[in-house]
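Have a look at the structure below before the remarks.
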Amino acid sequence: MEQPLSPRESGQYVAERSRDVFVDEEGVKKVAEMLYALRSSEAFSPSGWKMMNPLAPSSDKDDAINWVFVTDTMNFSFWPDREDQQCEVNYRGTTYRGYMSLCAAVTRAMDEGVPITDPAYFSQMSETDLVCVLRSDNETPMPMLRERHQALTEAGRVLMQHGGSFRSFISHAGNDAEKMVRYIVDHIPSYRDEAIFEGRKISLYKRAQILVADFWGIMEAKGEGNIPNLDYLTMFADYRVPQALVYLEALRYSDALMEALKNGELLSSGERREVEIRGCSIWCVEKIKNHLWRLIWERDGTRSSRFALLQVDSDSDTDSDTGKAKSSRDTGKPSRAGKPGGAKNNQNTDKKKDKKKRKKEQQQCETNELRNLAFKKLPQKSSAPPSTMTLQGLAKELLNSTARTAAPQESWQEWKQRDELLTSELYEADLEKALMLSKLEFEQQKKDAVSGESASPKAKGAGGKKEKKKSQQGKDKRITVSLKDFQQEGNMGESAEVKPPNTAEKKFFNQLEDDVNRIVQRDKRREQYSCSAGQEVNTSSEQEQDIRTEQLKFELEKKDQEIIKLKKTISQWEDRYKEVKARNAQLLKMLQQGEMKDKAEILQQVEELLNIKEELTKQVTLLHASLEQERSKTNRKGKKGSEGEL
197 MEQPLSPRES GQYVAERSRD VFVDEEGVKK VAEMLYALRS SEAFSPSGWK MMNPLAPSSD
257 KDDAINWVFV TDTMNFSFWP DREDQQCEVN YRGTTYRGYM SLCAAVTRAM DEGVPITDPA
317 YFSQMSETDL VCVLRSDNET PMPMLRERHQ ALTEAGRVLM QHGGSFRSFI SHAGNDAEKM
377 VRYIVDHIPS YRDEAIFEGR KISLYKRAQI LVADFWGIME AKGEGNIPNL DYLTMFADYR
437 VPQALVYLEA LRYSDALMEA LKNGELLSSG ERREVEIRGC SIWCVEKIKN HLWRLIWERD
497 GTRSSRFALL QVDSDSDTDS DTGKAKSSRD TGKPSRAGKP GGAKNNQNTD KKKDKKKRKK
557 EQQQCETNEL RNLAFKKLPQ KSSAPPSTMT LQGLAKELLN STARTAAPQE SWQEWKQRDE
617 LLTSELYEAD LEKALMLSKL EFEQQKKDAV SGESASPKAK GAGGKKEKKK SQQGKDKRIT
677 VSLKDFQQEG NMGESAEVKP PNTAEKKFFN QLEDDVNRIV QRDKRREQYS CSAGQEVNTS
737 SEQEQDIRTE QLKFELEKKD QEIIKLKKTI SQWEDRYKEV KARNAQLLKM LQQGEMKDKA
797 EILQQVEELL NIKEELTKQV TLLHASLEQE RSKTNRKGKK GSEGEL
């Protein structure tokens with residue numbers, strides 16, 4: 197016997213051969229973008245299943261799994277031709293329609309004590325009992341009750357043959373989604389959602405896949421519900437999801453099919469157009485899922501080829517060249533002819549010079565940064581690029597750049613504090629530089645004044661003439677110096693250069709730092725004073741916003757309190773309504789009992805009157821008979837008297 201294609205394979209097979217239903221790639225991307233924004237929603241997690249199924253029993257109860265089985269077994273055909281003729285079930289103050297009306301009816305039956313989740317019960321229940329369980333609270337009954345009864349009793353008998361519960365039944369398939377779906381459709385005929393399309397047997401398995409997914413959800417993906425390959429399941433091909441896909445422009449119908457649907461034409465199960473709608477829906481959702489995974493991988497995931505575009509610079513170009521030469525020697529390949537060795541040497545020397553130059557520039561940059569740090573200046577970035585860059589450094593730089601771009605925008609206050617800190621540091625550096633220049637200029641002027649006072653103009657003039665003569669004589673005559681004197685002069689020069697800075701210079705820089713700190717503190721005090729004096733003017737807009745927000749918060753709190761009061765009032769009125777309802781019920785019973793008493797008395801009186809009537813009738817009859825007798829006697833006497841006279 198030919199095995200049908202899996203639901204995913206069937207969707208692709210149908211979509212490739214469809215005539216009236218088509219998958220739109222642009223619409224697929226649009227829906228994927230929409231779902232990407234909702235990717236972290238709790239509704240897509242196991243805990244979100246309970247949010248979508250609030251009527252389901254708690255998972256710690258034994259009948260919770262059987263509840264899932266009962267509702268999924270009867271999960272088909274809820275929507276009538278007209279939307280205003282839907283079956284409605286009221287449960288705990290809420291009106292449910294569609295599939296949720298079935299869930300509400302089953303949960304209501306459980307509250308009423310009906311063992312609807314026990315396979316021993318629903319495998320043998322009558323159609324009348326199921327009609328009572330699924331009764332509607334409006335004029336529209338639950339559709340297809342006979343078909344639901346047949347599917348439920350058939351599935352119940354299968355469960356009774358496999359341990360008497362859905363837990364024991366599904367345990368034969370293990371925690372494997374594919375095996376679970378296959379086991380369900382192999383043993384329960386009503387779950388075999390299959391068709392023939394273009395000469396090939398395909399499968400859609402809507403309810404079988406829903407049953408596995410609901411089992412995963414009710415178990416919260418724990419224990420037996422931990423199904424690793426849950427991705428085997430596809431979209432549950434029903435008749436509502438295609439409408440949403442067409443609305444979102446991910447699915448497109450032909451004009452002929454759209455016209456037929458608008459005219460209310462019914463598509464029977466297994467018909468080509470019906471199979472195309474369901475199969476193309478599966479393949480459309482598969483494309484949406486794949487595009488969504490691609491978006492998550494590109495935008496959220498870590499790319500394995502992240503550093504593939506990085507060019508690794510070696511420590512030196514000469515190393516790479518020597519490595520190449522070494523490899524060529526090892527392999528035994530001869531060098532190119534016609535290329536003299538002198539050219540190679542010139543290239544190597546040029547590369548070495550470039551390397552030394554880059555190294556010297558880097559050292560100069562580091563020296564400048566150290567000097568700036570010594571004077572508390574902000575280190576400035578060097579224009580010269582570093583001589584070497586390793587793969588690790590490039591990776592760190594790239595990661596830091598991506599982290600900076602991915603980081604959320606900082607708040608206004610943090611930016612303000614950082615800006616103030618940077619401004620104050622720059623201000624201190626500029627102030628220190630200005631003070632140092634002014635003090636140096638002052639010291640230079642002081643030295644010039646002292647030297648001017650010590651030397652008179654005449655002495656200066658005489659001294660100048662003598663120095664000129666000596667210099668001229670020195671130029672004319674060559675002075676000879678011995679080797680010993682030359683070495684002593686050199687040692688004296690070195691010792692003069694190595695002399696440590698005197699205490700006056702230390703005091704000068706210490707005083708400079710003190711002056712800078714004093715000026716900065718004074719400016720800060722002035723700024724604080726000015727800010728405190730003009731605070732109302734500067735922060736008026738912010739205060740207005742704060743006042744407005746506080747007013748809104750206060751109004752919200754008042755509204756919340758009113759809502760709480762109204763809820764309390766509603767609960768009180770509900771309690772009173774229940775009391776009045778109970779009293780009315782008692783009164784109704786009393787009235788009904790009173791009416792019965794009156795009716796009994798009236799019937800008794802009627803019976804007595806009937807008896808009296810019968811007695812009177814008998815008496816009248818007797819009197820009438822006696823009257824007739826008397827009449828006959830008188831008639832006889834009259835006849836005899838007339839005869840005697842004659």
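Under my numbering, think of the first position of the sequence shown as 197, with each following residue one higher.
Ideal placement from N, C-alpha and C gives every residue a C-beta, glycine not left out.
Extent of the continuous alpha helix (DSSP H) to which residue i belongs
| i | result |
| --- | --- |
| Arg213 | Pro203 to Arg213 |
| Ile398 | Premise fails: Ile398 lies in the beta strand (DSSP E), Arg396 to Ser399, not in any alpha helix (DSSP H). |
| Leu407 | Lys402 to Ile414 |
| Ser367 | Ser367 -> no alpha helix (DSSP H), and no H or E assigned at all. |
| Tyr379 | Ala373 to His383 |
Residues near residue i in its chain [Cβ-Cβ closer than 8 Å; skip 5 each side]
| i | result |
| --- | --- |
| Gln405 | Pro203, Val377, Leu429, Thr430 and Phe432 |
| Glu445 | Asp220, Glu222, Gly223 and Lys226 |
| Gln199 | Lys397 |
| Leu491 | Ala228, Glu229 and Tyr232 |
Chain-order list of residues whose beta-carbon lies under 6 Å from that of residue i (same chain, five-residue window excluded)
| i | result |
| --- | --- |
| Ile384 | Ala351 and Val354 |
| Tyr317 | Pro311 |
| Phe218 | Arg448 |
| Arg344 | Met270 |
| Val285 | Tyr292, Ser297, Ala300, Ala301 and Asp333 |
| Lys755 | none |
| Asn249 | none |
| Ser214 | Glu472 and Cys476 |
| Leu812 | none |
| Cys283 | Ser297, Ser332, Thr336 and Met338 |
| Asp496 | none |
| Ala417 | Pro242 |
Neighbourhood of residue i by C-beta, 7 Å cutoff - its chain only, sequence neighbours within 5 removed
| i | result |
| --- | --- |
| Arg474 | Leu400 and Ala433 |
| Thr313 | Asp259, Asn262, Trp263, Val266 and Met306 |
| Ser254 | Ala260 |
| Ala211 | Val219, Gly475, Cys476 and Trp479 |
| Asp410 | Val264 and Asp268 |
| Gly837 | none |
| Ala452 | Asp216 |
Under the three-state DSSP convention, the category residue i falls into
| i | result |
| --- | --- |
| Ala504 | Note that Ala504 scores a pLDDT of 32, beneath 50, so its modelled location is shaky; the value from the coordinates is reported in the next line. Reduced to three states, the DSSP call for Ala504 is coil. |
| Ser425 | According to the sequence shown, residue 425 is Asn rather than Ser. If DSSP states are grouped into helix, strand and coil, Asn425 belongs with coil. |
| Gly834 | helix |
| Arg235 | coil |
| Arg436 | coil |
| Ser767 | helix |
| Ala417 | coil |
| Gln825 | helix |
| Met786 | helix |
| Thr745 | helix |
| Thr813 | helix |
| Met431 | coil |
| Arg640 | Note that residue 640 is Gln in the sequence shown, not Arg. Looking at Gln640 - three-state DSSP - the assignment turns out to be helix. |
| Glu198 | coil |
| Glu839 | helix |
| Gly359 | coil |
Residues sharing a beta bridge with residue i, DSSP
| i | result |
| --- | --- |
| Tyr449 | Val217 |
Boundaries (first-last residue) of the beta strand (DSSP E) holding residue i
| i | result |
| --- | --- |
| Glu390 | Glu390 to Phe393 |
*Secondary structure, beta strand (DSSP E): runs of 3+ residues fully inside the stretch 238-294*: 284-287 and 290-293
*asked:* Just to confirm the assignment: which complete beta strand (DSSP E) runs, minimum length 3, are found wholly within the stretch 293-357?
replied: Within the stretch 293-357, not a single complete beta strand (DSSP E) segment reaches 3 residues in length.
*What alpha helix (DSSP H) runs, 4 residues minimum, are completely inside the stretch 441-495?*
Here the runs fully enclosed are 451-458 and 468-495.
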